[in-house]
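Participant: If you read the sequence shown in the numbering used here, its first letter stands for residue 4, the second for the next number, and so on.
By construction, the Cβ of each residue, glycine as well, lies at the ideal position given by its N, Cα and C atoms.
Bear in mind the structure is a predicted one, so any value in this text is a computation, not a measurement.
There's a structure below that I have some questions on.
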Amino acid sequence: MSLIQMRAWRSFLVVAGVIVAAVGFLPFLAGRDPIATLARQLEDADPEVRYRAAKQLEELGPGAGQAIDELAASLADGEQRVRYRSAKALSRMGDLAAAAVPALADGLKDPDRDVRYYCAKSLYKVGAAAEPAKEAVVAALGDEDSGIQRYLLKTLKEIGEGDEACMTAVEKFLNDPDPEIREVANDALEDMRD
Numbered sequence: 004m005s006l007i008q009m010r011a012w013r014s015f016l017v018v019a020g021v022i023v024a025a026v027g028f029l030p031f032l033a034g035r036d037p038i039a040t041l042a043r044q045l046e047d048a049d050p051e052v053r054y055r056a057a058k059q060l061e062e063l064g065p066g067a068g069q070a071i072d073e074l075a076a077s078l079a080d081g082e083q084r085v086r087y088r089s090a091k092a093l094s095r096m097g098d099l100a101a102a103a104v105p106a107l108a109d110g111l112k113d114p115d116r117d118v119r120y121y122c123a124k125s126l127y128k129v130g131a132a133a134e135p136a137k138e139a140v141v142a143a144l145g146d147e148d149s150g151i152q153r154y155l156l157k158t159l160k161e162i163g164e165g166d167e168a169c170m171t172a173v174e175k176f177l178n179d180p181d182p183e184i185r186e187v188a189n190d191a192l193e194d195m196r197d
């Protein structure tokens, strides 16, 4: 490829990038609330539209906080990709996702590993507000995925203080073959007993 061809290709990519960015901001430029537009798209009949909306809300992170209820509802979507992106978006919201705790607790039973992982991560990031999900978190500790177990143990550290059932569930991980899991379980128990 010659230098002229390389420059032409680079110019094309820059222009294409600008066009893609501009199209993404059309609702904003038209005076519409882009978050509300994306939230409505989560209910679209087309799964591709729902997926793209969840992905864009994920990219906005806490800035998309007004779409928590719609993202929570999307955790029950029939399409795995939509549930995954919605769970991942909620995991970026931190404590703003507190309203989604019941849906996140249900998501711990999802057949898809990635959905369960991001629901567990979201519950951890919600912090103390995840307390209503305590029983679901304890039940989900039976998940064999160590990444999911780590987030569930960290969540119990936040919400299981003084709770015998939670402490008993965490104690089972003190002899786990994974040293990282043992460390997280030990750390959680120390805080739960204080």
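(1) From V129 to D49, what does the alpha carbon distance come to, in whole angstroms?
(2) So, with DSSP's three-state summary, where would you put R35?
(3) So what does DSSP say about R84, is it helix, strand or coil?
(4) Would you mind giving the Cβ-Cβ distance between M195 and E164, rounded to the nearest angstrom? I have them listed as a contact below 8 angstroms.
(5) Could you spell out where the alpha helix (DSSP H) holding E62 opens and where it closes?
(6) Considering only their Cβ atoms, is the gap separating L159 from A123 smaller than 8 angstroms?
(7) Any idea what DSSP makes of E164, helix, strand or coil?
(8) For the putative contact between Q44 and R53, defined by C-beta atoms under 8 angstroms, what is the C-beta separation to the nearest angstrom?
(9) Hey, K58 and R88: beta-carbon distance below 8 angstroms or not?
(10) Please state if the CB of R86 and the CB of D113 are separated by a distance shorter than 8 angstroms.
(11) Would you call P37 buried or exposed, if buried means 16 or more other Cβ atoms sit within 10 Å of its Cβ?
(12) In the DSSP assignment, find the unbroken alpha helix (DSSP H) run with P105 in it and report its ends.
(13) Less than 8 angstroms between the CB atoms is what I'm expecting for L78 and G110, so what's the real figure, rounded?
(14) Kindly indicate the opening and closing residues of the alpha helix (DSSP H) around E138.
(15) Can you tell me the Cα-Cα spacing of Q69 and A39, whole angstroms?
(16) Relative to the C-alpha of E186, which residue among K157, C169, T171 is closest?
(17) With DSSP as the reference, label R95 as helix, strand or coil.
(18) With 16 as the cutoff for other CB atoms within 10 Å, does A56 come out buried or exposed?
(19) For E73, collect the residues of the same chain with a Cβ closer than 6 angstroms to its Cβ; drop the 5 residues on either side in sequence, then sort them by chain order.
Facilitator: By the coordinates alone:
(1) 30 angstroms
(2) coil
(3) helix
(4) 5 angstroms
(5) 50-63
(6) no
(7) coil
(8) 7 angstroms
(9) yes
(10) yes
(11) buried
(12) 104-110
(13) 5 angstroms
(14) 137-143
(15) 8 angstroms
(16) K157
(17) coil
(18) buried
(19) A42, L45
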